[in-house]
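In terms of the working numbering, the sequence shown is residues 1107 to 1329. Just so it is clear, CB atoms sit at the ideal spot from N, CA and C, and this is done for glycine as well. Note that the structure is predicted; figures quoted are calculated from it, not measured. Read the structure below first, then the notes.
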Amino acid sequence: MEQTNPVTELELYLIRHGLTGQSDDADLFPEDPLLTPEGVIQARKLGERLSEVDFDAVYSSCMRRTVQTANEIMIRQKREKPLYLDPVFSETRISESAKGTSLEYLKGLCRFAEPADGVTLGDRVFEGNENDTDADIQKRIGRGLETLIGRYTNGEKVAVVMHAGIMTHAAFYLMGFKEKLPEDVDISFRNTCITKIVFFKKGTNPYGSVVFQNMNDTAHLGF
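If you want it as structure tokens, here you go:
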């Protein structure tokens, strides 16, 4: 039987934001803090590590901490490119009353920021609320992931800067838990960790079409 070489369709990097704390303006944005000084250092180390990866696209939620983290990646890329903002990657169970900031504000954190294709940013730049069930969140992150999987099929490298909660849902979705999470299993994603998933053309890779190449990788932080 003729052996087929694996054909890569997409290299997806799921990245958690840097360390956060209570901001000076926490009364205005209680669920949308900025990075702490330590978090900024973590994000810089992340950006330095990923500077040799020429991303075809970089996405982020519309929360301040992810945009700050993504900016440290963007400014170290060898060529300028947009940072695509998409509320579908918002953290889980954000209160309905939390609205977030404006596009103009977010562009102040990263000048490359712009809404992703098909996204219109309204008064509330988050998606989901505190009443969401696990099934609701799986449906949301599934929609976001399937959009990327369908859009990038020619071996592109795509990064998404997100949050620990939604990243857990994303990982389990890509493991096959598309409707609900497995019982008694959790993943504690560290700040600025990288989880890389490679998607292969169906039937070309003996190990499957979705392969987790690494998970929760923080080698840039020294552990």
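| request: Quick one: using the 10 Å Cβ neighbour count with 16 as the cut-off for buried, is Tyr1279 buried or exposed? | output: By the neighbour-count rule (16 or more Cβ atoms within 10 Å), Tyr1279 is buried.
| For Tyr1165, which residues does DSSP report across the bridge? | Answer is Tyr1190 and Val1266.
| request: Note down the Cα distance separating Gly1314 from Leu1212, rounded to an integer number of angstroms. | output: Each residue's Cα considered, the two are about 39 Å apart.
| message | On the criterion of 16 or more Cβ atoms from any shown chain inside 10 Å, does Pro1193 qualify as buried, or is it exposed? | response | That one is buried.
| said: Quick check for students: name the residue ranges of the alpha helix (DSSP H) that lie wholly in the stretch 1199-1258, counting only runs of 4 or more. | reply: Entirely contained in the stretch 1199-1258, the alpha helix (DSSP H) runs reaching 4 residues are, in chain order, 1209-1215 and 1240-1257.
| task | Please report how far the alpha carbon of Met1107 lies from the alpha carbon of Val1317, in whole angstroms. | result | Residue placement at Met1107 is poorly supported in this model, since its pLDDT is 47, which falls under 50; the coordinates are not used for a value here.
| task | Taking Lys1151 as part of the alpha helix (DSSP H), name the residues at either end of that continuous run. | result | For Lys1151, the enclosing alpha helix (DSSP H) covers residues Pro1143 to Arg1155.
| said: Which residue wins for smallest C-alpha separation from Glu1186, given the options Ser1157, Ser1167 and Thr1198? | reply: Of the candidates Ser1157, Ser1167 and Thr1198, Ser1157 places its Cα closest to the Cα of Glu1186.
| query | Between Gly1261 and Ile1255, what straight-line distance do the alpha-carbon atoms span, to the nearest angstrom? | reply | The alpha-carbon separation between Gly1261 and Ile1255 amounts to approximately 11 Å.
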